[in-house]
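First up is the structure itself, then whatever we jot down about it.
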Amino acid sequence: MQERQSIHGTWASRWVFILAATGSAVGLGNIWKFPYITGEHGGGAFVLVYLVCILLVGIPIMMGEVLVGRRGRCSPINSVKETALESGLSSRWQLLGWMGALAGFMIFTFYSVIAGWVLHYIAGMANGDYTDIGRDQAGSHFEALLAAPQTMLIYHSIFVVLVMLVVVGGVNKGLERATRIMMPALFVLLLLLLGYSFTTGSFGEGLSFLFSFSLEALTWDSVLVALGHSFFTLSLGMGAILAYGAYMPKNASIGGTVLTIGILDTVVALVAGMAIFPIVFANDMDPGAGPGLIFITLPVAFGQMPGGQIFGFLFFLLVGVAAWTSAISLMEPATAWLVERFGLERLPACLLLGFAGWAVGIACLGSFNFLSDFTLLGMNTFDFLDFVTANIMLPLGGLLLAIYVGWFLKTRVVESELAIAKQLHFRLWYLVLRLVSPVAVAIIFALNLYQKLA
Ligand code: PHE
Ligand code: NA
Numbered sequence: 002m003q004e005r006q007s008i009h010g011t012w013a014s015r016w017v018f019i020l021a022a023t024g025s026a027v028g029l030g031n032i033w034k035f036p037y038i039t040g041e042h043g044g045g046a047f048v049l050v051y052l053v054c055i056l057l058v059g060i061p062i063m064m065g066e067v068l069v070g071r072r073g074r075c076s077p078i079n080s081v082k083e084t085a086l087e088s089g090l091s092s093r094w095q096l097l098g099w100m101g102a103l104a105g106f107m108i109f110t111f112y113s114v115i116a117g118w119v120l121h122y123i124a125g126m127a128n129g130d131y132t133d134i135g136r137d138q139a140g141s142h143f144e145a146l147l148a149a150p151q152t153m154l155i156y157h158s159i160f161v162v163l164v165m166l167v168v169v170g171g172v173n174k175g176l177e178r179a180t181r182i183m184m185p186a187l188f189v190l191l192l193l194l195l196g197y198s199f200t201t202g203s204f205g206e207g208l209s210f211l212f213s214f215s216l217e218a219l220t221w222d223s224v225l226v227a228l229g230h231s232f233f234t235l236s237l238g239m240g241a242i243l244a245y246g247a248y249m250p251k252n253a254s255i256g257g258t259v260l261t262i263g264i265l266d267t268v269v270a271l272v273a274g275m276a277i278f279p280i281v282f283a284n285d286m287d288p289g290a291g292p293g294l295i296f297i298t299l300p301v302a303f304g305q306m307p308g309g310q311i312f313g314f315l316f317f318l319l320v321g322v323a324a325w326t327s328a329i330s331l332m333e334p335a336t337a338w339l340v341e342r343f344g345l346e347r348l349p350a351c352l353l354l355g356f357a358g359w360a361v362g363i364a365c366l367g368s369f370n371f372l373s374d375f376t377l378l379g380m381n382t383f384d385f386l387d388f389v390t391a392n393i394m395l396p397l398g399g400l401l402l403a404i405y406v407g408w409f410l411k412t413r414v415v416e417s418e419l420a421i422a423k424q425l426h427f428r429l430w431y432l433v434l435r436l437v438s439p440v441a442v443a444i445i446f447a448l449n450l451y452q453k454l455a
């Protein structure tokens with residue numbers, strides 16, 4: 002196949018791709034979700050399983066996604082189709098891309114609701130609302146937010162607009178420009194906060210919660226959550242990384258690049274845990290508090306510490322920026338597809354998707370108030386979307402992608418696109434992608450199903 006070009010643009014350099022993909026990966030998953038699910042699943046053992054999943058499943062599959070994207074140079078749906086045709090396969094493989102687009106859309110709807118909470122907290126911190134706030138007050142503050150659909154709607158809407166403003170600019174004028182500004186800011190904020198967390202008490206207690214492995218605490222359910230989270234946190238299984246891979250310069254090596262992204266995402270999650278749990282323990286709070294963890298515990302802590310108002314503001318700013326760069330990547334695949342399929346300009350494509358995501362988002366924010374009685378499989382809309390995407394659709398999408406790249410694409414194509422210098426490294430990756438990752442995902446799925454039915 003002759004060298005293809007993306008009609009949407011190409012990143013200016015390998016580093017821009019790394020920053021953009023890291024921007025996608027580092028998000029609410031790292032700073033909001035990872036700490037609270039780690040808390041709910043008892044700490045250390047869960048973290049260990051999560052790390053194993055990143056290494057044996059996440060990183061190999063991420064390489065597969067980037068490879069398909071760069072080979073196909075299109076939106077995920079069309080890149081899968083083009084690469085399938087190139088290897089003499091049925092174009093029906095594009096269904097994989099369809100499932101991904103759907104998952105991305107579903108994630109976007111609840112993601113922007115949480116991001117809306119974050120915006121509310123940025124404003125509250127700036128305003129000094131949390132100064133000297135007590136534990137109970139912080140709890141009722143968060144509950145009051147959840148009980149106020151209008152407030153949530155305002156912030157949810159602002160977030161959707163912020164995201165679409167970037168996506169509408171396209172790869173170079175939108176995504177790349179935002180990445181170049183926001184990612185360095187994100188790293189600076191993170192370092193500032195890490196420095197700050199050293200000065201708080203209970204640092205050791207926080208560390209031992211994160212890193213002491215007591216396997217009794219682990220259930221198959223925790224293993225499924227850890228697996229699902231490894232897909233969620235690396236933005237895998239729904240086409241985000243595949244879409245970004247389509248804009249990757251030809252000469253950059255996929256292996257080293259993906260490893261860098263995976264390490265950065267993991268480091269951010271662990272640092273976020275190291276910043277948050279000491280604060281939780283220093284204030285005698287419950288690490289298993291659930292989704293409200295960073296919204297209830299942290300304001301209390303920041304409210305009492307010297308400089309807390311500034312650091313609290315910076316903390317929520319960090320979370321907001323991280324959520325923003327991730328949400329952009331949730332919308333890019335479908336936007337690119339609308340442009341390719343219907344020849345739309347970016348603006349109408351973004352208006353269409355933004356509006357749809359915003360509207361479904363209203364059902365998510367209603368889960369906490371006016372729609373709280375509406376349940377699917379015993380879960381409210383918000384929990385349902387989170388569960389079905391992170392624990393089922395993303396792992397399933399990743400599993401199918403591993404099978405597609407590992408067993409169906411021509412080895413010659415895969416090998417030349419990856420261009421790994423050392424044969425041994427290629428063989429090792431290929432083996433993991435063909436056997437280890439699919440088998441691991443399949444076993445975890447099967448055991449869970451068995452448990453649920455038995
Ligand atoms: N990786 C993002 C996070 O950790 C979430 C995300 C998932 C973004 C899938 C894009 C695609 O918050
Ligand atoms: Na992440």
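Just so we're aligned, residue 2 is where the sequence shown starts under this note's numbering, counting upward by one. Virtual Cβ for every residue (Gly too), placed ideally from N, Cα, C.
For Met380, the three-state secondary structure derived from DSSP is strand.
At a cut-off of 7 angstroms, the beta-carbon of Asn392 does not count as near ligand 2: no heavy atom of the ligand is closer than that. In this structure Thr23 is buried. Its beta-carbon is surrounded by 16 or more other beta-carbon atoms within 10 angstroms.
His42 is positioned such that its CB atom lies no closer than 8 angstroms to that of Ala337. In the structure shown, the three-state DSSP call for Leu243 is helix. Those residues that have a beta carbon less than 6 angstroms away from any non-hydrogen atom of ligand 2 are, in order along the chain, Ala26, Val27, Gly28, Gly30, Asn31, Thr234 and Asp266. When rounded, the separation of the alpha-carbon atoms in Ser158 and Trp359 is 7 angstroms. Rounded to whole angstroms, the separation of the alpha carbons of Leu378 and Phe385 is 8 angstroms.
Relative to ligand 1, the nearest heavy atom lies less than 7 angstroms away from the CB of Ser236.
Straight-line measurement puts the Cα of Gly89 at about 57 angstroms from the Cα of Met126.
For Ala455, no alpha helix (DSSP H) run applies, since DSSP gives it neither H nor E. The alpha carbon of Asp130 has as its nearest neighbour, out of His142, Asp137 and Val119, the alpha carbon of His142. Sequence-distant partners of Asp133 (beyond 5 residues in either direction) whose C-beta falls short of 8 angstroms from its own C-beta, in its chain, are Gly304 and Gln305. Rounded to the nearest angstrom, the Cβ distance from Val50 to Ala227 is 4 angstroms, consistent with a contact under 8 angstroms. Shown here, Tyr131 sits in coil according to DSSP, grouped into three states, outside any helix or strand.
Using a Cβ distance threshold of 8 angstroms, Thr298 and Val281 count as a contacting pair. For Met100, the shortest separation between its Cβ and any heavy atom of ligand 1 does not lie below 7 angstroms. The Cβ atoms of Leu190 and Leu294 do not sit closer than 8 angstroms to each other. Excluding sequence positions up to five before and after Ala350, its CB lies within less than 7 angstroms of the CB of Thr336, Leu339 and Val340, all in the same chain and listed in chain order.
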